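**Student:**
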């Protein structure tokens, strides 16, 4: 398009004059008229400009562009200078002059009229220079846009200098250095859009945001910074965009600032940061991809953008959250079913196959992947196409074809704007005008231009369609469900509303995102094919959940975490029952849904007839765990299979709890049995490999104790494991007998470390459990395993009351049977030590007060720490055991409700106390189980939807009734707790 005669790239080191480097000029439409215009200034031109390539280029300006010819003919001397200088040097000279224009006052208040005139004259010369270098074939697109962007940077900087120096002369601004007023000014000016990306077009607006730091701004004491900087921003705009006899410099657009309808033109950095972090919109994230500090205190601007990185680049970006990017496209082009492109009147930016589709193609993938891939965070379109290919997201064909189309379309855009210096991207509708423009674009005739434009546009459409417009029209039994194209279908929105979705527009954006393949999990052709078939049935299933919108959002997040979804989608397509269950999980138990997303075949067990008739027997669960584990042939395989086996069994338990097949109490026993099996198999596996290396310990034995909720068979879906490891050996023969002998104490502590690693190490199959060993004698200090003889002596002679309280929930979960019996006897003996019940009560009450003072609670949903909650109940039960087990040993080994009941039977507490305590415990513990299964994140900060789920699970009508019931039970518990154990200061 308008390059050298021979089609070759001329040798160009950037120092030769413009006239020596000219390529072939565009063909003329009216040579006679062009010559007549040339003749008008011919006497002012040297011979070199009246012949050859220079004359051809000037004739093209005269023929095709009233704006450029006016610039050329108005000042022939300037025109000659531009031809005789190297354009790179001229560009640098003009930009330097533009940047310095605001400081022309030499310390005095600048003459804004004079500054404005200088800025406009520089702009005229620069516009002519860029046009000559572009049309003359010297500069490629990226050099053209960089020159335009750098000049705009200089213009803004000069205007800012002028306004600051004017304020300084009036005593309102106190610069640290009058020669550098912007340094340390507290002012931050950001360029966004094409200016930020250094891709400015020939007659573009410039998108600018003005912020300030009131702490750093050196203003006159008492001067309010917001009015000051707002007036400054308005002054900058006026200086640049006001039209005078010399023209204008740039049209300035401040509308990309936060909430432009209700905020001043300039706002503080702190306010801006809070806005973006709390209420920033998705389109603003997209806009800030290209943001760049262009004036003011540049380092401050760069720091602000760095601080804003988490806002722009979300590591796990939810594709539904870029609905605004898609909405922009719908507003731009909401026509369905019109694939044909008409060249006349075509908008090369916003129309099909246009510049905006290329930009969206790049920008949307940056938003989705850039959080995880910093290499994709660049500001410029074509370099990012290369990076997307380099990182494996697009093909080489997409990179090359879209890059070529971008260069072609942007060059056409520049030619359109050069005609009259108008910000337009629309081709002429009149055929004669269109033919003339085709020649200005470098083509011999309209047919050649049309062919080139349509070829590029169709290639852009093809790549864009793969990303944004995949998916045929669909209809389902529930009504129209259409997600093709880029526009919302009104009938589809109506159908979604009838299904119970509150935000049907968001639903369509989310589903369209799946069809576009913008979730890696559904990008493969097979996944998209299955998804297309499944979506209507899946949306119908989600509509049956309490909150369909939340369930859909959970599914979208699951897709975002999955490497591939075709297996899950196929299972859901084939089995309605599993589809309904999965929808229920998405709506009620997102953690379980995440398990399905990670390992879809956990759903297989739901089809099994045994799903509805489960056993919570520890032996049966251990056998099931072993069957899933199989016979791994390496330690790495063992670790992976352990995690898969535990995940499947925990999923089954949670799904059964959710389905009402298991009670919360039974689920606690099942979760605990799964952990027992995991610990036992891990101990066996690491022991075999360890003793194979080091040999057995003579008469060596080891057991693992479970404490806390594991010990009392009350484990939840996400509980850690509180473990204590005990070992024993022959003290007279304490060295292992293998090839690498070890002392017994060293061996068992190393073995314990291996056990913990086997349980906690993350592998490609995820995590198994978190483990806490701090309940061992000595707490977090010293050896990780305890010698049994020391443990026994410690419990008999040294252990404090709180340690015996913990011991009330301890049990052996794995290890040597003989040592297990001895450990049980030791635990029983410790709990049966004679104690004064009143002393125990006072100590327990004091401990509860300490916990209350140090930890407090996290509100009414903190079922453990809130007054009258599970901690009160557990402490009360433990006080009963420790205060009375020496005369009533049958209190040992029971859960808290059973302790209350047995204590009442023994006459220790009244029956009218035992019954409400047991009832409260069951309710609180049941809700605790549900809470840990159903609430993502902090369970004490459950959403209204999650509270409603919990209420239904507890057979209560709504969240209000649940809260009232919990409060009532806790008041009862706390009353009895204080009556039995006394007030904190009693005694």
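Numbering (the working numbering), first residue to last: 659 to 1645. Yeah, the Cβ is synthetic: ideal placement off N, Cα and C, and Gly gets one too. Bear in mind that the values here come from a model prediction, so they are computed numbers and not experimental data.
I'd like the list of long-range same chain contacts for residue 1087, defined as Cβ closer than 7 Å, with 5 residues on each side in sequence excluded.
**Tutor:** 1002, 1003.
**Student:** Among 1039, 1038, 1061, 1034, whose alpha-carbon lies nearest the alpha-carbon of residue 1048?
**Tutor:** Per the Cα distances, 1034.
**Student:** Could you tell me how far apart the beta carbons of residue 1557 and residue 1535 are, in whole angstroms, since I believe they sit closer than 8 Å?
**Tutor:** Yes, they are in contact, since the Cβ atoms of residue 1557 and residue 1535 sit about 4 Å apart, within 8 Å.
**Student:** Assign residue 710 to one of three DSSP states: helix, strand, or coil.
**Tutor:** Helix at residue 710.
**Student:** Does the region 810-825 come close enough to the region 835-851 to have 3 or more Cβ pairs within less than 8 Å?
**Tutor:** Judged by Cβ distances under 8 Å, the region 810-825 makes contact with the region 835-851, as three or more pairs qualify.
**Student:** Taking the straight line between their C-alpha atoms, what separation do you get for residue 1097 and residue 722?
**Tutor:** Using only the alpha carbons, I get a separation of about 9 Å.
**Student:** For residue 878 and residue 825, I'd like the C-alpha separation in whole angstroms.
**Tutor:** So the two alpha carbons sit approximately 10 Å from each other.
**Student:** In the DSSP assignment, find the unbroken beta strand (DSSP E) run with residue 1473 in it and report its ends.
**Tutor:** Residues 1469-1473.
**Student:** Of all the alpha helix (DSSP H) runs that stay within the bounds of the region 994-1073, which reach a length of 4 or more residues?
**Tutor:** Counting only runs of 4 or more, we get 1013-1027, 1039-1048.
**Student:** Let's see if you can read the secondary structure: which residues bound the beta strand (DSSP E) around residue 1380?
**Tutor:** From DSSP, the beta strand (DSSP E) with residue 1380 extends over 1379-1386.
**Student:** Using only alpha-carbon positions, find the residue among 1310, 1510, 1301, 1194 that is nearest to residue 1153.
**Tutor:** The residue with the shortest Cα to Cα distance from residue 1153 is 1194.
**Student:** Just grab the DSSP bridge partners of residue 1363 for me.
**Tutor:** 1382, 1470.
**Student:** Give me the DSSP bridge partner(s) of residue 954.
**Tutor:** Note: residue 954 sits in a beta bridge opposite 846.
**Student:** Indicate whether residue 735 and residue 727 have their beta-carbon atoms separated by less than 8 Å.
**Tutor:** Result no, Cβ atoms of residue 735 and residue 727 do not sit closer than 8 Å.
**Student:** Using the Cβ count rule (16 or more neighbours within 10 Å means buried), how would you classify residue 1513?
**Tutor:** Per the 10 Å Cβ criterion, exposed.
**Student:** Check this for me: beta carbons of residue 1277 and residue 1206, under 8 Å apart or not?
**Tutor:** Contact flag unset, no.
**Student:** With H, G and I counted as helix, E and B as strand and the rest as coil, what does DSSP make of residue 1129?
**Tutor:** Unreliable placement is indicated for residue 1129, whose pLDDT of 35 sits below 50; no coordinate value is reported for it.
**Student:** Quick one: is residue 1295 buried, meaning 16 or more other Cβ sit within 10 Å of its Cβ, or exposed?
**Tutor:** Per the 10 Å Cβ criterion, exposed.
**Student:** Residue 1437: which of 1380, 1327, 1403, 1547 sits nearest, CA to CA?
**Tutor:** Among 1380, 1327, 1403, 1547, the Cα nearest to that of residue 1437 is on 1380.
**Student:** Buried or exposed: where does residue 1081 fall if 16 or more other Cβ atoms within 10 Å of its Cβ makes it buried?
**Tutor:** Under this definition residue 1081 is an exposed residue.
**Student:** Going by Cα to Cα distance, which pick from 855, 861, 876, 875 is closest to residue 626?
**Tutor:** Because the chain in this structure spans residues 659 to 1645, residue 626 falls outside the shown range and cannot be described.
**Student:** Check whether the Cβ of residue 776 lies closer than 7 Å to any heavy atom of the ligand ATP, and answer yes or no.
**Tutor:** For the structure depicted, the ligand ATP is absent and the ligand set is empty, with no information on it obtainable.
**Student:** Identify every run of the alpha helix (DSSP H) within the region 1078-1128, keeping only runs that are complete inside it and at least 4 residues long; order them along the chain.
**Tutor:** Complete alpha helix (DSSP H) runs here, min 4: 1089-1098, 1104-1126.
**Student:** Say whether chain B places a C-beta atom closer than 8 Å to the C-beta of residue 887.
**Tutor:** In the structure shown, chain B does not exist; there is a single protein chain.
**Student:** Quick one: Cα of residue 1525 to Cα of residue 872, how far?
**Tutor:** The straight-line gap from Cα to Cα measures roughly 46 Å.
**Student:** Run through DSSP, which three-state label would residue 1459 get?
**Tutor:** Note: residue 1459 maps to helix in three-state DSSP.
**Student:** In angstroms, rounded to a whole number, what distance separates the CA positions of residue 1103 and residue 710?
**Tutor:** Rounded to whole angstroms, residue 1103 to residue 710 spans 22 Å at the Cα level.
**Student:** Can you give me the C-alpha to C-alpha distance between residue 900 and residue 906, rounded to a whole angstrom?
**Tutor:** Computed Cα separation, rounded: 6 Å.
**Student:** From which residue to which residue does the beta strand (DSSP E) around residue 925 run?
**Tutor:** Segment 924-926, the beta strand (DSSP E) holding residue 925.
**Student:** Nearest-angstrom Cα distance between residue 1010 and residue 1017?
**Tutor:** Computed Cα separation, rounded: 13 Å.
**Student:** In whole angstroms, give me the CA-to-CA distance for residue 748 and residue 779.
**Tutor:** Their Cα atoms are separated by approximately 14 Å.
**Student:** Around the Cβ of residue 984, are there at least 16 other Cβ atoms within 10 angstroms (buried) or fewer (exposed)?
**Tutor:** At residue 984 the pLDDT is 46, less than 50, meaning the model places this residue with poor confidence; the figure from the coordinates comes in the next sentence. Classification for residue 984: buried.
**Student:** When you compare the region 912-923 with the region 784-803, are there three or more beta-carbon pairs, one atom per stretch, that lie closer than 8 Å?
**Tutor:** Judged by Cβ distances under 8 Å, the region 912-923 makes no contact with the region 784-803, as fewer than three pairs qualify.
**Student:** Grab me the residues of residue 1352's own chain with a C-beta within less than 7 Å of its C-beta, minus the 5 sequence neighbours each way, in chain order.
**Tutor:** Answer for residue 1352: 1394, 1396, 1398, 1399, 1400, 1405, listed in chain order.
**Student:** Does DSSP put residue 985 in a helix, a strand or coil?
**Tutor:** Reliability of the predicted coordinates at residue 985 is poor, the pLDDT of 38 falling under 50, and no value is obtained from them.
**Student:** If you reduce the DSSP assignment to three classes, tell me which class residue 1140 lands in.
**Tutor:** Coil, per DSSP.
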